[in-house]
Amino acid sequence: MPNASTRTLKWFYKLSWKKILGFNAFVMLVASFWLARQLALSPTRTQSKAALLPRPQEITSQFETPTGPPQVYLVDHFFGKVGDAVLIHGKNLGGASDNTWVALAGKRLTEADLVAWTGSFIEFRVPQGATSGPVTVNVLGQETAWEGVFFVIDETTPGQLRLVADETNPNKAVLSVKGLADGNSLLLWFLVVSGEGEVTIAPAPGVNFSQVEKNLPVGKIYEVNLTWNQSLNQASVVNFVPLLTVTRGAEMSVGVARAELTNANGALIPLGVHPLYVSF
Amino acid sequence: MALSAEKQWKLTAVFKFLSLFLSLIVAAMVLMWFRQNRMIDTNESKAGFAKLLTQEEVRLTVPYKQTVYKHFGSAINPQVELPVKTITGYKNWEFLIDSGAVVSALPKTAATDMGADLTSLPRITIEGFAGQRTFAYQGEMVIKVGSSEVVIPVVFSENPYANNILGRIGFFDNFNITFDVDQKTITISKRG
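Those sequence lines, one after another, are chains A and B.
Heads up: the first sequence begins at 29 in the numbering used here, then just goes up one per residue.
Heads up: the second sequence begins at 2 in the numbering used here, then just goes up one per residue.
Structure (structure tokens):
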């Protein structure tokens, strides 16, 4: 009596090649049917693939003939890492042309770094290898520079500011700093981004400050100069130390628009602001 | 060297078995390829032969939301509630479907929920309704449409009051969005 495996083998042996070929043909037919269905469901291209090719974005620019010398009110944000977008707000900035250029720390930006250029603002991206320094705009041979300094930062930049809103009172925020290093004075601009009303600034214990207000076309600026007890420098190595309390009106939005930390030799120490805490 | 008769018939039997088995394997691979490419959504409708006419699968259908505006009266709000992946699991967030927006957007505070570090994300500007420019940070979010997880680009706006928006990149170029006036529904579907 043959065992089960022998019986199975015999069954296959007795199976004619005609039947095997017929079965295979049937299986392939079913599979090709599914394949045909898949192809039928695929979208049909009715246009040239060339139309789908992405086109590089050109500089958004419409040259507006200046009515006077160029002016730069604000470089927003005053810090950025390589590749970050930056806006230069001003007046009589013209537009992108062969006779206009922007320079960061004395180095002219290339067309690839420029995103948009109108009479009232310029948008650029921080180029590879950029260094901190002044932002200069030249329009038809007339040059102007922002009075502040732009800082190129990266993940290793220790200096950081934070404007953190109070949990119980959203109209009040504390400006704190980390990484003061050997800095002994700080110049700050608080910009009223939106809304109307007054901003009240009060120093934290151990901090001396003076305040000046000025109106720029981009909004009201509260310029603050700070000096402090040097014990804060040591504390700021690890923790954020509070410097100011800022109180605004209910419908207002206020942000940090400029920050320059200087040491006793007059050298600037780069500062950045965490995007979550740049305004409140 | 001639094989014995016993070995010869066994070898033929094995060969016949293998030819049948291999054809089944090939057919199964074709079917698996088909299923993978079809990306079916098992929780929603499955592609049937009737779908040959519509050529797409329904992923999500939501009823219209309407708002009565002071100046315009009642108008459709193209809003959908979708689960978004956060560090504490999926959370349902409401989005405005906006074909006028290049990319999807969320307020910067959403980045914290999603575990995204804004300081490491590229900063760009986005243009608002009146042409004003706002800073935003380019990242990605994972949403569930039906039961499928979809990764789409998103920008985290510095404006804390920014709306949750579903824009064109990653959403409109992956899904068909149909506004059905008769059924008063928004249907998000995908080609089979």
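Using N, Cα and C, we set each Cβ at its ideal position, and we do this for glycine too.
Just so it is clear, the structure is predicted and the values come from calculations on it, not from any experiment.
Quick one: what does DSSP say Q66(A) is sitting in, helix, strand or coil?
helix
In terms of alpha-carbon separation, which member of S204(A), L260(A), E288(A) and Q170(A) lies closest to Q99(A)?
Q170(A)
Which residue comes first and which comes last in the beta strand (DSSP E) that contains R134(B)?
R134 to V146
Please compile the residues from chain B whose C-beta is within a distance smaller than 7 angstroms of the C-beta of L115(A).
T126 and R134
Taking three-plus beta-carbon pairs below 8 angstroms as touching, is the region 261 to 270 of chain A in contact with the region 196 to 208 of chain A?
yes
Under 8 angstroms, with one C-beta from each stretch per pair, do the region 234 to 248 of chain A and the region 289 to 307 of chain A reach the 3-pair mark?
no
Just checking, does the region 275 to 291 of chain A make contact with the region 177 to 190 of chain A on the three C-beta pairs under 8 angstroms criterion?
In short, these stretches touch, since the Cβ pair count reaches three.
Among the residues of its own chain, which have a CB less than 8 angstroms from the CB of K92(B), if the five just before and after it don't count?
Excluding positions up to five away in sequence, the list reads P84, V85 and D114.
Mind listing which residues of the region 47 to 58 of chain A have their C-beta closer than 8 angstroms to chain B's C-betas, in chain order?
From the region 47 to 58 of chain A, only I48, F51, N52, V55, M56 and V58 have a Cβ closer than 8 angstroms to chain B.
Buried or exposed: which applies to P303(A), given that a residue is buried once 16 or more other Cβ atoms fall within 10 Å of its Cβ?
buried
Could you tell me how far apart the beta carbons of V301(A) and F107(A) are, in whole angstroms, since I believe they sit closer than 8 angstroms?
7 angstroms
Chain A partners of V155(B), CB-CB under 9 angstroms?
One finds nothing in chain A with a Cβ atom closer than 9 angstroms to the Cβ of V155(B); even the nearest lies about 15 angstroms away.
Would T179(B) and T62(B) qualify as a contact pair, given that the criterion is a beta-carbon distance under 7 angstroms?
no
Within the chosen definition, does the region 211 to 224 of chain A reach the region 9 to 19 of chain B through at least 3 CB pairs nearer than 8 angstroms?
no
Can you list, in chain order, the residues of its chain with a C-beta nearer than 6 angstroms to that of D104(A)? Leave out the 5 residues immediately preceding and following it.
For D104(A), where only same-chain residues beyond five positions count, the Cβ hits under 6 angstroms are L115.
Output the distance between the C-alpha atoms of D194(A) and N267(A), rounded to the nearest integer angstrom.
18 angstroms
Taking the alpha-carbon positions, what's the P108(B) to P97(A) distance?
38 angstroms
Cα separation between L67(A) and F61(A)?
Cα atoms of L67(A) and F61(A): separation of roughly 10 angstroms, rounded to the nearest angstrom.
Within 7 angstroms of any Cβ in chain B, is that where the Cβ of A132(A) sits?
Per the sequence shown, residue 132(A) should be read as Leu rather than Ala. Judged by the 7 angstroms Cβ criterion, L132(A) is not in contact with chain B.
Can you have a look at F15(B) and say buried or exposed, based on whether 16 or more other CB atoms are within 10 angstroms of its CB?
In the sequence as displayed, the identity of residue 15(B) is Val instead of Phe. By the 10 Å Cβ count, V15(B) comes out exposed.
Is F152(A) near S125(A), with beta carbons less than 7 angstroms apart?
no
So, using beta-carbon positions, are G111(A) and P161(B) closer together than 7 angstroms?
no
Is the region 116 to 123 of chain A touching the region 159 to 169 of chain A in the sense that three or more CB pairs, one from each, lie closer than 8 angstroms?
yes
Just list the alpha helix (DSSP H) runs in the region 188 to 239 of chain A, keeping only unbroken ones of 4 residues or longer that don't cross its boundaries, in chain order.
none
What residues from chain B crowd round G111(A), counting only those whose CB sits closer than 7 angstroms?
P123
Per DSSP, what kind of secondary structure is Y305(A) in: helix, strand or coil?
helix
Would you identify the three-state DSSP class for N267(A), choosing helix, strand or coil?
coil
Buried or exposed: F40(A), going by 16 or more other Cβ atoms within 10 Å of its Cβ?
buried
Closest by CA to F176(B), which one among R60(B), D99(B), G132(B) and M142(B)?
R60(B)
If contacts are defined as beta-carbon pairs under 8 angstroms, then M56(A) and S24(B) qualify, I think. What distance do you get, rounded to the angstrom?
Confirmed, Cβ separation roughly 7 angstroms.
Taking the alpha-carbon of A201(A) as reference, which of N243(A), P94(A) and L271(A) has the nearest alpha-carbon?
That would be L271(A), whose Cα lies nearest to the Cα of A201(A).
Helix or strand or just coil, what does DSSP make of A76(B)?
strand
Where does Q156(A) land, buried or exposed, given buried means 16+ other C-beta within 10 angstroms?
Taking all protein chains shown into account, Q156(A) has fewer than 16 neighbouring C-beta atoms within 10 Å of its C-beta and is therefore exposed.
Answer yes or no: do V81(B) and G168(B) have a C-beta to C-beta separation smaller than 7 angstroms?
no
Report back the beta-carbon spacing between V269(A) and S213(A) to the nearest angstrom; my notes put them in contact at under 8 angstroms.
Incorrect: roughly 15 angstroms between the Cβ atoms, too far for contact.
So, using beta-carbon positions, are S148(A) and V221(A) closer together than 7 angstroms?
no
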